[in-house]
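Below: the structure, in structure tokens.
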Amino acid sequence: MNAGKPWQEMGLTDDEYRQIVEIMGREPNRVELGMFAVMWSEHCGYKSSRPLLKYFPTSGPRVLQGPGENAGIVDIGDGQALVFKIESHNHPSAIEPYQGAATGVGGIVRDIFTMGARPIALLNSLRFGPLDDDWNRYLFSKVVAGIGDYGNCLGIPTVAGEVYFHPSYKDNPLVNAMCVGLVATDEIARAVAGEVGRPLLLVGARTGRDGIHGATFASEELSAESETRRPAVQVGDPFMEKLLLEACLELIKEDLAAGMQDLGAAGLTSSVAESASRGGRGAVIDVLKVPRREAGMTPYEVMLSESQERMLVVPREGAVKRIQEIFEKWGLEAAVIGHITDDGILRVMEGEEIAGEVPVKALTDLCPVYHRESSQPDYIAEKKNFDLSSIAEAGDYNRILRELLGIHSLSSKEWVYRQYDYQVQTNTVLVPGDADAAVLRIKGTTKGVAVTVDCNSRYCYLDPYQGGMMAVCEAARNLACTGARPLAVTNCLNFGNPEKPGVYWQMEQAIKGMAEAARVLNTPIVSGNVSLYNETRGGEAVLPTPVVGMVGLLPDVTRRVDMALKNEGDVLILLGENRDGIGGSEYLALVHGVEAGTLPEIDPAQESRLIELLLTLAERGKLKSCHDISEGGLAFCLAESCITGGIGAVVDITGLRGRLDGLLFGEGPSRAVASVSRSDVDTVLEMAEKGQVPAVVIGRVEGKRLRLVYGGRTLIDQDVNELSAIWRGAITWAMS
Amino acid sequence: MRFGIVVFPGSNCDADCYHVIDQVLGQPVEYIWHQEKSVRGFDALIIPGGFSYGDYLRTGAIARFSPVMQEVIEFAHRGGLVIGICNGFQILLEAGLLPGAMLRNDSLQFRCGPVNLRVKTRDSAFTRCFEPDEVITLPIAHGEGNYYCDDETLKELIEFDQIALTYCDERGEETPLSNPNGSTANIAGILNRGRNVLGMMPHPERMAEKLLGGEDGLRVFASMLRCFEEGCS
Amino acid sequence: MFLGKVYVTLKKSVLDPQGDTVRKSLHTLGYTQVTDVRIGKYIEVGLDSPTPEDARRELDEMCARLLANPVIEEYRLEIVKDE
Amino acid sequence: MFLGKVYVTLKKSVLDPQGDTVRKSLHTLGYTQVTDVRIGKYIEVGLDSPTPEDARRELDEMCARLLANPVIEEYRLEIVKDE
Ligand SMILES: Nc1ncnc2c1ncn2[C@@H]1O[C@H](COP(=O)(O)OP(=O)(O)O)[C@@H](O)[C@H]1O
Ligand SMILES: [Mg+2]
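What follows is the structure, encoded as structure tokens:
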């Protein structure tokens with residue numbers, strides 16, 4: 002192929018190669034070139050996304066660590082902090098869904114405990130092609146099993162997530178995993194190199210040939226060719242990870258490590274370079290000292306292997322012996338593979354031979370940055386101009402609601418989360434399916450933490466700026482519905498090929514929208530991950546999918562709110578301004594087969610007022626239930642609250658303005674439905690008025706049916722048990 | 002009453018059990034590392050859930066060779082109270098303290114969620130705080146909870162009243178639909194002949210506080226405490 | 031150096047949910063000639079034993095103690111010379 | 031009636047955490063002569079095929095499609111006559 006230009010095979014351009022030669026002052030050898038290739042890959046170097054990420058607000062009074070470390074950290078008072086991050090494992094999961102998803106979980110968990118935090122929750126955000134296809138069902142079931150088996154074995158509860166199905170994800174599923182950890186603020190471990198001469202300890206699994214060039218692989222479009230030249234698939238060993246986790250947390254408790262760095266993408270190369278570069282130091286390592294799983298591995302392979310469940314530790318002065326003891330207790334091998342130097346060079350030895358020498362900073366800081374061409378793709382205007390008034394309004398609303406409940410993207414995800422241990426660690430107060438976000442208590446305090454992931458990618462496709470705002474607003478709203486104050490954001494930007502101007506534009510717009518919403522809502526973006534080149538075989542980009550993960554705080558966890566209707570006679574109140582919002586809705590896609598239209602306007606300031614109101618109401622114990630309105634609209638929201646409560650409701654929407662289908666199924670943002678006891682109605686309405694949030698009583702909890710009435714006409718009248726069967730059974734049925 | 006919680010590499014419900022005994026039941030409790038060669042000084046032992054040795058080969062198969070297990074076995078033979086929960090149950094089966102074996106769930110999937118259970122006997126150190134045939138709710142979380150034993154063994158389990166808990170519906174009927182894993186005779190928990198060893202798949206420690214949805218699980222530990230205070234063997 | 035091969039199968043009397051599921055899905059794929067599927071383990075053990083007889087005896091003991099569970103499983107083993 | 035025997039093993043380069051853990055525990059039990067353990071699957075498939083050649087061809091196809099995962103596994107098969 003490119004016998005004369007080996008860099009091309011490694012994913013580097015001719016121009017990048019020239020820069021490398023310039024930096025080195027000579028032609029790099031194969032080992033050196035390989036190290037550059039992985040460190041300068043999109044995955045590690047963020048060369049297309051870096052110029053855009055600077056739009057994100059990243060600081061705030063609670064932020065202890067923004068982007069740049071293994072994970073972001075926010076203060077939650079009492080000397081405690083949350084450490085969290087989301088990461089993609091899309092391409093590995095497309096090739097080997099079970100191991101791809103499992104190792105994705107393993108990787109994100111290491112990011113969290115590397116910082117000294119005990120992981121307390123896992124979340125995941127998943128996208129697949131439709132379930133009427135065998136291959137998609139295979140991917141879906143294996144990904145879910147992989148995520149479950151890994152997290153279950155570690156004893157970290159998987160408490161929330163989202164799953165959507167859309168044809169654009171057919172060849173390229175999205176698998177994003179998020180982990181949240183809890184740390185005492187005085188035990189936060191940051192990667193510092195330590196002093197010159199300090200040994201470098203490699204701990205955990207032995208190094209094999211797996212995943213060589215995984216980082217460059219993640220930076221390419223998938224093709225039939227990439228399937229054949231793909232690296233040997235990484236296999237996860239959650240048991241090893243559990244031992245590593247416990248051992249590393251013990252090291253940090255005893256303050257034995259000056260620095261710790263997990264081995265993720267780009268393996269040893271990246272972790273050694275990063276450990277050394279932080280202190281402006283260099284490092285020398287001997288590949289012969291790296292414990293191997295396979296005979297005959299070359300320095301190139303050792304440096305680039307992405308074998309999982311490994312960790313690099315720089316000990317504190319005199320701590321090596323105690324560290325070895327701890328690892329031994331956990332049955333782990335720790336090998337001294339080199340030490341820190343003062344010359345700023347990463348020197349790879351194979352015994353006495355020098356296998357490669359590269360300036361550390363060249364790997365970590367000199368990766369080129371590309372301001373790619375950006376232009377609005379043609380489809381945008383066309384979709385936006387779609388005339389919604391051309392859509393017939395009349396319809397059998399009973400049938401439409403039932404069909405919406407059966408759409409796999411909207412139906413119950415119990416088939417998924419029943420495969421996840423969501424209760425281990427005995428902190429999960431609101432479990433999956435209970436509410437818009439999961440809520441965990443923090444033992445020894447009155448506090449609770451709420452967590453969620455969100456992204457409506459159809460919205461992001463039709464209008465990435467609005468869609469980006471929406472993802473942040475919806476995540477914040479989901480937290481607020483449980484009574485938790487949104488604190489901060491992590492995000493995973495899943496897009497197509499950034500070298501295509503239209504894709505780059507989508508990303509740029511989505512980022513700006515997310516940034517704007519995060520600024521207004523005071524939820525800084527403290528960590529994240531970028532996954533590009535997500536495309537089908539035919540070269541179509543996936544729907545732009547900037548997944549937002551968010552954490553929130555409840556001062557008093559006993560005040561948490563779930564979404565189930567509770568008692569007969571409770572009053573239903575619609576909070577937030579009613580807008581029809583059919584553009585880009587599920588209803589439009591389902592009934593009219595159209596993914597188009599102008600999206601309902603979203604105003605983060607308005608969202609913020611709704612959130613403040615929800616928090617005050619929850620804190621005063623006024624909410625018996627609360628559920629936000631999102632996909633499927635008001636009718637769907639009510640149906641879900643009826644189903645989870647096992648009770649009916651009578652709702653009269655005569656007072657609301659707009660077309661009927663819009664009132665029922667429109668997805669206008671910044672709205673929620675609360676149920677409150679009769680005696681609290683006046684107070685709640687008053688508080689809403691004070692908070693400048695429109696609020697209207699729309700009905701009451703009653704009986705076993707959901708009835709929606711408009712102007713004396715019954716639009717919907719359904720038995721809750723029947724709705725429940727459709728909603729709960731949809732995915733299970735598709736999977737059996 | 003002093004509780005000991007045995008910790009294997011890969012145990013992950015050890016801290017949850019500790020929390021319940023310490024904070025909710027208010028009794029002294031300590032971890033026992035799997036390398037320990039003595040369990041002296043403890044009044045009851047908990048073999049907690051998790052994935053000892055990654056559940057590799059067979060659940061519980063490797064853990065049962067840990068040095069501490071010999072001590073656990075002798076402790077049980079002396080009449081000491083031993084409860085194995087989930088992976089703990091699997092370990093007790095492999096160790097031969099309880100009859101039978103565990104197969105993969107018939108769904109071939111991990112199952113997490115609340116189940117209804119019928120308390121089949123009050124005549125044990127672990128169930129005396131329940132009513133006879135009471136229906137309770139506890140969560141399960143396992144991939145291999147499909148209890149298997151041959152007909153002979155099953156007959157004996159019934160004859161000697163060793164079945165402690167079965168999966169059932171809300172009314173207490175042991176229906177196939179209420180069986181989450183394909184377990185023989187809907188078995189969720191069994192006792193040894195001496196009635197001082199219990200293995201159960203559901204997690205009582207996860208249902209020991211109102212905040213987490215109920216207190217049925219606490220009554221398992223409360224039963225042990227009552228037994229101890231009333232001077233049962 | 032010897033290579034021990036261990037075949038662990040579920041006893042005939044024990045239900046094999048995994049095998050049943052695989053059989054059903056083979057039928058769905060059109061392989062209706064499949065009458066039965068049983069899934070067991072195949073374990074390869076490298077043995078540094080002096081003689082094949084030693085290797086066999088030792089491996090048999092490992093099977094009885096750890097590799098198979100006699101309540102539900104049976105096993106069979108082979109020893110081959112390994113270079 | 032034929033009996034197909036399928037041996038599914040992880041490719042050599044693929045990590046076998048299960049095998050490693052079992053090897054360590056055999057060492058702890060004193061079987062230090064064990065150099066390596068790899069754990070795979072052993073699948074028995076009953077086949078109602080007209081000839082052994084048919085049985086082999088069909089089973090091979092089933093392996094490629096379902097019984098083995100070509101990304102990480104290899105397989106080998108045998109056909110024997112079954113009564
Ligand atoms: N992949 C998943 N993993 C764990 N829980 C999930 C997953 N997908 C959905 N859930 C849970 O199912 C419930 C409903 O999800 P979803 O319909 O996406 O909620 P919402 O629209 O309110 O964001 C939530 O509790 C969510 O956390
Ligand atoms: Mg929601």
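Residue numbers (our numbering), protein chains in the order written: chain C, 2 to 737; chain B, 2 to 234; chain W, 31 to 113; chain P, 31 to 113.
For glycine and all other residues, C-beta sits at the position ideal for the given N, C-alpha and C.
The structure presented is a predicted model; accordingly, all values stated were derived computationally and were not measured.
Of the other Cβ atoms in all chains shown, fewer than 16 fall within 10 Å of the Cβ of B:Ile159; this residue is therefore exposed. Distance from the CA atom of C:Val548 to the CA atom of C:Thr115, rounded to whole angstroms, is 23 Å. Residue ranges of uninterrupted alpha helix (DSSP H) with 4 or more members, entirely inside the segment 75-151 of chain B and ordered along the chain, are 88-95.
Straight-line spacing of the CA atoms in B:Arg129 and P:Glu88 works out to 58 Å. Taking a Cβ-Cβ cut-off of 8 Å, B:Arg194 has no neighbours in chain W, whose nearest Cβ is about 17 Å from it. Contact of W:Ile102 with chain B by beta-carbon distance below 8 Å involves Ala102, Leu104, Tyr149. Every alpha helix (DSSP H) of 4 residues or more that sits fully in the segment 573-654 of chain C is shown, in chain order, as 587-593, 605-620, 634-646. C:Gln81 and C:Asn523 have their C-alpha atoms roughly 20 Å apart.
With a cutoff of 8 Å on beta-carbon distance, P:Tyr72 and W:Lys54 are scored as not near each other. For C:Gln426 and C:Val32, the gap between their C-alpha atoms comes out near 44 Å.
Listed along chain B are Gly55, Tyr57, Leu58, each with a C-beta nearer than 8 Å to that of P:Gln48. Under a 10 Å Cβ-count criterion, B:Gln36 is classified as exposed, with fewer than 16 other Cβ atoms of the shown protein chains found around its own Cβ. Judged by DSSP in its simplified three-state form, W:Thr62 adopts coil rather than helix or strand. Taking the Cα positions, B:His78 is about 42 Å away from C:Leu183. Closest by C-alpha distance to C:Asp435, out of C:Leu554, C:Ile644, C:Val531, C:Leu494, is C:Ile644. Within the segment 252-327 of chain C, the complete alpha helix (DSSP H) runs of at least 4 residues fall at 268-279, 300-305. Comparing alpha carbon positions, the residue from B:Thr176, B:Leu219, B:Phe222, B:His204 closest to B:Cys14 is B:His204. For C:Pro120, the enclosing beta strand (DSSP E) begins and ends at 119-129. By a beta-carbon distance limit of 8 Å, B:Val7 contacts B:Val69. Their separation comes to about 6 Å.
Two segments are said to touch when three or more pairs of C-beta atoms, one from each, lie closer than 8 Å; by this definition the segment 93-102 of chain C does not touch the segment 543-563 of chain C. Note on C:Trp136: under 16 other CB atoms within 10 angstroms of its CB, so exposed under the neighbour-count rule.
Bounds of the beta strand (DSSP E) holding C:Leu65 are 64-66. By the neighbour-count definition (other C-beta atoms within 10 Å, threshold 16), C:Met261 is a buried residue.
In this structure, the alpha-carbon of C:Arg621 lies about 17 Å from that of C:Leu576.
The DSSP-derived three-state label of C:Met736 is helix. Cβ-Cβ separation between B:Ser53 and B:Gly11: approximately 5 Å, consistent with a contact (criterion under 8 Å). When DSSP reads this structure, C:Asp379 sits in no beta bridge, so it has no partner. Beta-bridge pairing by DSSP links B:Pro68 to no other residue. For C:Gly69, the closest of C:Leu405, C:Glu23, C:Pro499, C:Ile526 by C-alpha to C-alpha distance is C:Ile526. For W:Arg106, the three-state secondary structure derived from DSSP is strand. Its Cα nearest to that of C:Gly107, the residue C:Ile157 stands out among C:Ile157, C:Thr342, C:Lys143. In terms of Cα proximity to C:Met471, the closest of C:Ala485, C:Thr270, C:Leu269, C:Val521 is C:Val521. Here DSSP, grouped into helix, strand and coil, assigns W:Val44 to coil. Beta-bridge annotation (DSSP): C:Gln719 is paired with C:Leu707. For B:Asn117, the closest Cβ of chain C is not nearer than 8 Å.
With the rule of 3 Cβ pairs closer than 8 Å, the segment 477-491 of chain C counts as touching the segment 446-458 of chain C.
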